[in-house]
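Colleague: Residue numbers (this note's numbering), protein chains in the order written: chain A, 1 to 113; chain B, 1 to 113. Note that CB positions come from ideal geometry on N, CA and C, so glycine has one too. First the structure, then my questions, so here it is.
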Amino acid sequence: NAGVMQNPRHLVRRRGQEARLRCSPMKGHSHVYWYRQLPEEGLKFMVYLQKENIIDESGMPKERFSAEFPKEGPSILRIQQVVRGDSAAYFCASSPWTGEGYTFGSGTRLTVV
Amino acid sequence: KNQVEQSPQSLIILEGKNCTLQCNYTVSPFSNLRWYKQDTGRGPVSLTIMTFSENTKSNGRYTATLDADTKQSSLHITASQLSDSASYICVVSVGQAGTALIFGKGTTLSVSS
Numbered sequence: 001n002a003g004v005m006q007n008p009r010h011l012v013r014r015r016g017q018e019a020r021l022r023c024s025p026m027k028g029h030s031h032v033y034w035y036r037q038l039p040e041e042g043l044k045f046m047v048y049l050q051k052e053n054i055i056d057e058s059g060m061p062k063e064r065f066s067a068e069f070p071k072e073g074p075s076i077l078r079i080q081q082v083v084r085g086d087s088a089a090y091f092c093a094s095s096p097w098t099g100e101g102y103t104f105g106s107g108t109r110l111t112v113v
Numbered sequence: 001k002n003q004v005e006q007s008p009q010s011l012i013i014l015e016g017k018n019c020t021l022q023c024n025y026t027v028s029p030f031s032n033l034r035w036y037k038q039d040t041g042r043g044p045v046s047l048t049i050m051t052f053s054e055n056t057k058s059n060g061r062y063t064a065t066l067d068a069d070t071k072q073s074s075l076h077i078t079a080s081q082l083s084d085s086a087s088y089i090c091v092v093s094v095g096q097a098g099t100a101l102i103f104g105k106g107t108t109l110s111v112s113s
């Protein structure tokens with residue numbers, strides 16, 4: 001079991017470009033959560049998804065950010081028209097059922113230049 | 001407002017010494033409290049998880065305590081090792097399903113030889 005896999009580990013984008021972050025949950029996990037960690041800050045909840053459904057996106061910025069977890073393939077966090085303030089570490093976690101057995105990936109560090 | 005406050009912000013100790021990290025929370029409704037260890041450049045890894053009825057839980061040299069009345073938790077590390085150098089994050093789960101996690105900013109522990 002490879003654990004929660006996130007890629008890329010590091011991503012550099014110029015302002016105005018799009019960033020796509022991928023998360024493959026642990027085998028058997030159908031719940032995926034995305035978090036953002038700004039420098040010197042704690043992790044902040046962004047969105048919670050199950051297969052093909054967004055369950056809770058209360059932490060997601062209303063514009064430019066979107067997330068999906070298709071029936072096949074990894075979960076994708078998409079940031080359009082990135083700005084410098086989007087620079088952060090984005091972590092994905094998965095669990096087999098609601099709220100339990102959280103396992104985090106190693107994160108994607110996004111740098112916007 | 002749901003908040004998790006940790007102290008101290010950072011701590012330096014000598015190898016072999018013990019230390020205690022503190023966590024105060026104002027979260028309602030409380031579901032459970034978790035302590036995570038986050039190594040630099042990695043995702044958080046779960047150390048302990050405690051529900052409302054549990055006062056203490058151990059994981060090797062890590063012992064967590066919970067006082068649900070005062071809404072305080074502590075993480076005690078015994079006989080510290082160089083590999084204990086990391087950020088220790090207190091996380092409180094909100095609600096009955098526990099899907100919303102409120103993260104503290106963490107305590108950065110440095111163990112020196």
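Using a Cβ cut-off of 9 Å (strictly closer), state whether Y36 (chain B) contacts chain A.
Modeller: Counted from its first residue, the second sequence places residue 36 (chain B) at position 36. Closer than 9 Å to some Cβ of chain A, the Cβ of Y36 (chain B) qualifies, so yes.
Colleague: Taking DSSP as the reference, what is the three-state secondary structure of D84 (chain B)?
Modeller: Along the second sequence, one-based indexing puts residue 84 (chain B) at 84. Looking at D84 (chain B) - three-state DSSP - the assignment turns out to be helix.
Colleague: Cβ of G16 (chain A) less than 9 Å from any chain B Cβ?
Modeller: The residue given as residue 16 (chain A) occupies position 16 in the first sequence. Not an interface residue.
Colleague: Using a 10 Å radius around the Cβ and a threshold of 16 neighbouring Cβ atoms, would you call W34 (chain A) buried or exposed?
Modeller: Here residue 34 (chain A) is taken as the residue at index 34 of the first sequence, counted from 1. So W34 (chain A) counts as buried.
Colleague: List the residues of chain C whose Cβ lies closer than 7 Å to the Cβ of S106 (chain A), in chain order.
Modeller: The structure shown contains no chain C; its protein chains are A and B.
Colleague: Does the distance from the C-beta atom of V27 (chain B) to that of V45 (chain B) stay below 9 Å?
Modeller: Looking up residue 27 (chain B) in the second sequence gives position 27. Looking up residue 45 (chain B) in the second sequence gives position 45. Against a cut-off of 9 Å, the Cβ pair of V45 (chain B) and V27 (chain B) comes out as no contact.
Colleague: Does the separation of the CB atoms of G12 (chain A) and T111 (chain A) fall below 9 Å?
Modeller: Here residue 12 (chain A) refers to the residue found at position 12 of the first sequence. Here residue 111 (chain A) refers to the residue found at position 111 of the first sequence. According to the sequence shown, residue 12 (chain A) is Val rather than Gly. Taking 9 Å as the Cβ cut-off, V12 (chain A) and T111 (chain A) qualify as a contacting pair.
Colleague: Against chain B, with Cβ distances strictly below 9 Å, would D86 (chain A) count as a contact?
Modeller: Locating residue 86 (chain A) in the first sequence gives position 86, where the first residue counts as 1. Not one chain B Cβ lies under 9 Å of D86 (chain A).
Colleague: S10 (chain B) and N24 (chain B) - do their beta-carbons sit closer together than 9 Å?
Modeller: Position 24 of the second sequence holds residue 24 (chain B). Position 10 of the second sequence holds residue 10 (chain B). In this structure, S10 (chain B) does not lie closer than 9 Å to N24 (chain B) by Cβ.
Colleague: With distances taken Cα to Cα, identify the nearest neighbour of P25 (chain A) among A:K71, A:K62 and A:E63.
Modeller: Taking the first residue of the first sequence as 1, we reach residue 25 (chain A) at position 25. With distances taken between Cα atoms, P25 (chain A) lies closest to A:K71.
Colleague: Relative to the C-alpha of G16 (chain A), which residue among A:F104, A:G85, A:I55 and A:S95 is closest?
Modeller: Residue mapping note: residue 16 (chain A) aligns to position 16 of the first sequence, counting from 1. For the residues A:F104, A:G85, A:I55 and A:S95, the minimum Cα distance to G16 (chain A) belongs to A:G85.
Colleague: Helix or strand or just coil, what does DSSP make of R61 (chain B)?
Modeller: Taking the first residue of the second sequence as 1, we reach residue 61 (chain B) at position 61. In the structure shown, R61 (chain B) sits in coil (DSSP, three-state: anything other than H, G, I, E or B).
Colleague: Is it the case that the Cβ atoms of E18 (chain A) and I79 (chain A) are separated by a distance below 9 Å?
Modeller: Counted from its first residue, the first sequence places residue 18 (chain A) at position 18. Counted from its first residue, the first sequence places residue 79 (chain A) at position 79. In contact: E18 (chain A) and I79 (chain A) (Cβ atoms closer than 9 Å).
Colleague: Starting from K37 (chain B) and walking both ways along the beta strand (DSSP E), at which residues does that stretch end?
Modeller: Within the second sequence, numbered from 1, the residue matching residue 37 (chain B) stands at position 37. It spans F30 to Q38 - the beta strand (DSSP E) in which K37 (chain B) sits, taken as one unbroken run.
Colleague: So, under 8 Å CB-CB, M37 (chain A) and A88 (chain A) are touching, yes? Tell me the CB distance rounded to an integer number of Å.
Modeller: In the first sequence, counting from the first residue as 1, residue 37 (chain A) sits at position 37. In the first sequence, counting from the first residue as 1, residue 88 (chain A) sits at position 88. Reading the sequence as shown, one finds Gln at residue 37 (chain A) and not Met. About 6 Å; that satisfies the 8 Å criterion.
Colleague: For chain B, is any of its Cβ atoms less than 9 Å away from the one on Q43 (chain A)?
Modeller: In the first sequence, residue 43 (chain A) corresponds to position 43, counting from 1. The residue you asked about is not Gln; residue 43 (chain A) is Leu in the sequence shown. Answer yes: the Cβ-Cβ gap between L43 (chain A) and chain B drops below 9 Å somewhere.
Colleague: Looking only at its chain, what residues have a beta carbon closer than 8 Å to the beta carbon of K51 (chain A), apart from the 5 residues adjacent to it on each side?
Modeller: Position 51 of the first sequence, counting from 1, holds the residue named residue 51 (chain A). Correct list, in chain order: S30, F69, P70 and K71.
Colleague: How many Å lie between E63 (chain A) and R14 (chain A) at the Cα?
Modeller: Residue mapping note: residue 63 (chain A) aligns to position 63 of the first sequence, counting from 1. Residue mapping note: residue 14 (chain A) aligns to position 14 of the first sequence, counting from 1. Computed Cα separation, rounded: 18 Å.
Colleague: Using a Cβ cut-off of 7 Å, pull out every chain A residue sitting near A100 (chain B), in sequence order please.
Modeller: Residue 100 (chain B) sits at position 100 when you count from the first residue of the second sequence. F45, listed in chain order.
Colleague: Measuring CB to CB, does T56 (chain B) end up less than 9 Å from T63 (chain B)?
Modeller: Residue 56 (chain B) sits at position 56 when you count from the first residue of the second sequence. Residue 63 (chain B) sits at position 63 when you count from the first residue of the second sequence. Closer than 9 Å, so yes.
Colleague: In chain A, which residues lie less than 9 Å from G104 (chain B) when you measure between Cβ atoms?
Modeller: As a first step, residue 104 (chain B) must be located in the second sequence, where it is residue number 104. Going along chain A in sequence order, the residues near G104 (chain B) (Cβ under 9 Å) are G42.
Colleague: Which chain B residues are close to F91 (chain A), counting only those with a beta carbon under 9 Å from its beta carbon?
Modeller: The residue you call residue 91 (chain A) lines up with position 91 of the first sequence. Residues of chain B passing the Cβ test: G43 and P44.
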